[in-house]
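Notes follow once the structure below has been shown.
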Amino acid sequence: KLKNKNIRKIARIGNRSLGITLPVEFLDELGWREKQKVVVKKQRGRLIIADWKTKIKRK
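Each position in the sequence shown, counted from 1, maps to that position plus 22 in our numbering.
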C-alpha cells in the first residue's frame, strides 16, 4: 500500500483518454459531487481543476 494516499497513478479510460482518481476527502471539502462538471487547465507545468461554474483566472 502507498504510504501517501495522495500519490495517484494515471489509468487508461477507453482508447484515447487517461484519468486520475481524486481523494474523496478533497472532493468532500470542496463540496463536489459525482458527475459535476469541472474545468481542467494547464498552467505553468501543472494541471488546475476547478468547478465549471466558478470563474478561474485566464492567462
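Yeah, the Cβ is synthetic: ideal placement off N, Cα and C, and Gly gets one too.
Would you identify the three-state DSSP class for Leu52, choosing helix, strand or coil? Here DSSP, grouped into helix, strand and coil, assigns Leu52 to helix.
So, Pro45 versus Asn28, is the Cβ gap smaller than 8 Å? Annotated as proximal: Pro45 and Asn28, with beta-carbon spacing under 8 Å.
What first and last residue would you give for the beta strand (DSSP E) that runs through Gly67? Gly67: not part of any beta strand (DSSP E); DSSP gives it neither H nor E.
6 Å CB neighbourhood of Gly41 in its chain, flanking five on each side removed: The residues are Ala33 and Ile35.
When you compare each of Trp54, Arg55, Asp73 and Lys57 to Asp63 by their alpha carbons, which one comes out closest? It is Lys, not Asp, that sits at residue 63 in the sequence shown. From the listed residues Trp54, Arg55, Asp73 and Lys57, the smallest Cα separation to Lys63 is found for Asp73.
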